[in-house]
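A.B. asks: Okay, here's the structure, questions in a sec.
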């Protein structure tokens, strides 16, 4: 199918904005997409007209509110969030830790809900944020139960970015980790994504027995030891089973 060039360029501009680049000048946008300023200006004006881009009094561009509106519509379509919310809140109250619900989108995980723990010191996560599969507990869980052919395709050219000295850096090590996840039904992030942060994740199964999401608990190594984390994992498993039942999953 032919690609509509102007639409492709507009979407490329939207993709420039992220947590490190919340606001951009037109000269920066022009340089990054490799287009003349006049062309970029026309694209930006079109995006502004439809409220996908906003411009402040200093001439800086940022994402518009229309994206938030569309994002909320998308999230409202996930019934899993409604089903999971109660069990997630109960787990957070019981442990004092932050609990996340994550789905897979391509070769990344995406936070679709979170419950902030009363004792939590971890603030980096937010709904909509993406996380790598190889260095996060939720990512490992979402990858572990994929069909073999789909997993192989996804890992072709996968970027094993190293975030800490503990990060898995190659496919053989990742495949070995996924085998362990399948065997135990629990995935761990052992300070692989953030120094001082350990996470555990459990699978959420849908009515067809497929992994629809992963639910996780995040802890600080400075406050939660091995024994307490092991107890939290038991609570986490109960939570994931409760959410799975809510989605119609019945273990065989």
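In our numbering, the protein residues as written are 758 to 1009. Backbone N, C-alpha and C fix where the C-beta goes; we use that ideal spot for every residue, glycine too. Please read these numbers as outputs of a predicted model, since none were measured by experiment.
Quick one: using the 10 Å Cβ neighbour count with 16 as the cut-off for buried, is residue 784 buried or exposed?
C.D. replies: Note on residue 784: under 16 other CB atoms within 10 angstroms of its CB, so exposed under the neighbour-count rule.
A.B. asks: Determine, using beta carbons only, whether residue 974 and residue 987 come nearer to each other than 8 angstroms.
C.D. replies: no
A.B. asks: Quick one: does residue 888 have its CB under 8 angstroms from some CB of chain C?
C.D. replies: Checking the listed chains, one finds no chain C in this structure; it contains a single protein chain.
A.B. asks: Find out if the Cβ-Cβ distance for the pair residue 915, residue 926 is shorter than 8 angstroms.
C.D. replies: no
A.B. asks: Using CA atoms only, rank isn't needed, just tell me which of 774, 792, 777, 773 is closest to residue 762.
C.D. replies: 792
A.B. asks: Does DSSP classify residue 864 as helix, strand or coil?
C.D. replies: coil
A.B. asks: On the DSSP bridge assignment, give the partners of residue 889 in chain order.
C.D. replies: 865
A.B. asks: Does the stretch 960 to 976 come close enough to the stretch 999 to 1007 that 3 or more CB-CB pairs lie under 8 angstroms?
C.D. replies: yes
A.B. asks: When the distance is taken between beta carbons, is residue 970 closer than 8 angstroms to residue 850?
C.D. replies: no
A.B. asks: Take residue 886 and list the residues in its own chain whose beta-carbon comes closer than 7 angstroms to its own, dropping the five residues that flank it on each side.
C.D. replies: 868
A.B. asks: Does the beta-carbon distance from residue 943 to residue 990 come in below 8 angstroms?
C.D. replies: yes
A.B. asks: What did DSSP end up calling residue 971 once you bin it into helix, strand or coil?
C.D. replies: Here residue 971 sits in strand by DSSP.
A.B. asks: Just checking my contact of residue 844 with residue 996 at CB under 8 angstroms: how many whole Å lie between their CB atoms?
C.D. replies: 5 angstroms
A.B. asks: If you follow the alpha helix (DSSP H) that residue 986 is part of, which residue opens it and which one closes it?
C.D. replies: 983 to 1003
A.B. asks: Please classify residue 931: does DSSP put it in a helix, a strand, or coil?
C.D. replies: Reduced to three states, the DSSP call for residue 931 is helix.
A.B. asks: Residues in the same chain with beta-carbon distance under 8 angstroms from residue 790, minus the five sequence neighbours each way, listed in chain order, please.
C.D. replies: Correct list, in chain order: 766, 769, 770, 773, 797.
A.B. asks: Per DSSP, which residues does residue 945 bridge with? Please list them.
C.D. replies: 957
A.B. asks: Where does residue 870 sit, in a helix, a strand or coil, going by DSSP?
C.D. replies: strand
A.B. asks: Along the beta strand (DSSP E) that carries residue 819, what are the first and last residues, could you check?
C.D. replies: 818 to 820
A.B. asks: Consult DSSP for residue 857 and reduce its assignment to one of helix, strand or coil.
C.D. replies: strand
A.B. asks: May I have the straight-line CA-CA distance separating residue 865 from residue 890, to the nearest angstrom?
C.D. replies: 6 angstroms
A.B. asks: Buried or exposed for residue 775, please, with buried defined as at least 16 other CB atoms from any protein chain shown within 10 angstroms of its CB.
C.D. replies: exposed
A.B. asks: Using the Cα positions of residue 994 and residue 931, report the straight-line distance between them to the nearest angstrom.
C.D. replies: 23 angstroms
A.B. asks: Within the same chain, show all residues whose beta-carbon is closer than 6 angstroms to that of residue 876, passing over the 5 residues directly before and after it, in chain order.
C.D. replies: So the list reads 853, once near-sequence residues are dropped.
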